[in-house]
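Position one of the sequence shown corresponds to residue 1 (the UniProt record's numbering), numbered consecutively onward. A virtual CB, placed ideally from N, CA and C, is assigned to each residue, including glycine.
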Amino acid sequence: MGDAEFIASAGDWRYGSNEEDGDEGWDGLCEVGKKQSPVDFPETEEAKKNEDEVEPLAFFHYKEAVSTNLTNNGHTVVLNINQPCDVGVASGGLRSLYFLDQIHFHWNSEHTVNGKRYAMEVHLVHHNVELGSFDKAIKKSRGVAVLGAFVTETTHPNPVFNSVIEGMSEARDAGAATVLKSTFSAADLLPKNVANFYRYEGSLTTPPCLETVVWTVFDDTLHASREQIEAFRELQTKEGPMKFNYRPTQPLNDRDVTWISTILPEEEPEHVFAEQNEISAGRPTKSQATVLILSLACIRIILRTLS
């Protein structure tokens, strides 16, 4: 069972009647704890701690265009990439390797920066490969890694969203699904600069709100036009239009939000996108070593499936 199905079966829930009470009526559906998400990121010099020792995030096959299914689960629109083990992320302080399960969207944004809420937020959901599956990872500390990207409203459309919006036109009703007519790359939904980000430990932002997520939310943003954003609001729930689907920010309590900047003088942000054909002779770079490890993890998964 993937993340979309897991969330949909977590209980009969819906977003509140107004935007500021998005989690109204979730009592008894969400885990009660002190590590809930989303949160507000304070944008001050004191809050931005420069972690020079953290290596860049390493993305594996994120740029590869693949077939993608789109589902309206009644709470959001979900993209499931048909590539079972190749698309992954590691390094950047994550401590483990994570494979991509799905991508979904929130409008407006769930996380905020110094109280500012963006037009949308994209979530790329991964599970720790050492735990075998999303079902198992969701129950373990740091079992899930979510990459978050804010979307800013601009006057000009973003072609990245065209194929998604085209697919949404065929899946407007809750429960409807389709296959995107054109291939899709997960890297398309990452901002240009993936070197600067906020990091903290939290939860899923929908029931059951399990506190097993390590969050990475990028400082750089994507963009979309008002017309593109409104297309998401035209999706249907069982009760009517999906005008908004975000949870209000939760207390930070005693958690730390770490500002991480991984740009090194001799590197550019795009160098962290690692592909198999980048492995060279001699001592491997950190990104190349990550590719090797991810490749071995994929092989183990395939062998386990065949056995």
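- In the structure shown, the three-state DSSP call for aspartate 101 is strand.
- Shown here, serine 163 sits in a helix according to DSSP, grouped into three states.
- Beta-bridge partners of aspartate 40 (DSSP): Thr112.
- Here alanine 224 has Val151, Asn158 and Phe161 as same chain residues with Cβ atoms under 6 Å from its own Cβ, once five neighbours each way along the sequence are excluded.
- By the Cβ test, the stretch 216 to 235 is not in contact with the stretch 133 to 143, since fewer than three Cβ pairs between them sit closer than 8 Å.
- Close CB contacts of glutamate 170 within its chain, under the 6 Å cut and outside five residues either way in sequence, are with Thr178 (chain order).
- If you draw a straight line from the Cα of phenylalanine 184 to the Cα of histidine 111, it comes to about 26 Å.
- Here the alpha carbon of glycine 167 sits roughly 33 Å from the alpha carbon of serine 91.
- Judged by pairs of C-beta atoms under 8 Å, the stretch 211 to 220 does not touch the stretch 236 to 243, as fewer than three such pairs exist.
- The DSSP assignment places 162 to 168 as complete runs of the alpha helix (DSSP H) inside the stretch 148 to 224, in order along the chain (cut-off: 4 residues).
- Straight-line measurement puts the Cα of glutamate 19 at about 30 Å from the Cα of isoleucine 81.
- With contacts defined by Cβ atoms closer than 8 Å, lysine 63 and alanine 187 form a contacting pair.
- Excluding five sequence positions before and after glutamate 24, the CB atoms of its chain that fall closer than 6 Å to its own CB belong to Gly16, given in chain order.
- Per DSSP, tryptophan 26 has no beta-bridge partner at all.
- According to DSSP, residue pairing for serine 17 in a beta bridge does not occur.
- Under the DSSP assignment, phenylalanine 232 falls in the alpha helix (DSSP H) whose first and last residues are 226 to 233.
- Annotation: the continuous beta strand (DSSP E) that includes alanine 58 extends over 57 to 60.
- Contact between arginine 233 and tryptophan 107 holds, since their C-beta atoms are separated by about 6 Å, short of 8 Å.
- Partner residues in the beta bridge of isoleucine 260, as assigned by DSSP, are Phe197.
- Bridge pairing for proline 241: Gln236 [DSSP].
- In this structure, valine 89 and leucine 131 do not form a Cβ contact; the two beta carbons are roughly 15 Å apart against a cut-off of 8 Å.
- Taking every protein chain shown into account, the CB of valine 257 has 16 or more other CB atoms within 10 angstroms, so this residue is buried.
- In the structure shown, the three-state DSSP call for glutamate 53 is coil.
- Annotated three-state conformation of valine 77 is strand, per DSSP.
- Boundaries of the beta strand (DSSP E) around alanine 90: 88 to 91.
- Non-local beta-carbon contacts of alanine 176 in its own chain, meaning distances under 8 Å to residues more than five positions away in sequence, involve Thr71, Asn72 and Glu170 in chain order.
- Under the three-state reduction of DSSP output, leucine 124 falls in the strand class.
- Assignment of valine 32 by DSSP, reduced to helix, strand and coil, places it in the coil class.
- DSSP, read as helix, strand or coil, puts leucine 94 in coil.
- Residue range 68 to 72 is occupied by the beta strand (DSSP E) that includes leucine 70.
- Around the CB of serine 67, fewer than 16 other CB atoms lie within 10 Å, so the residue is classed as exposed.
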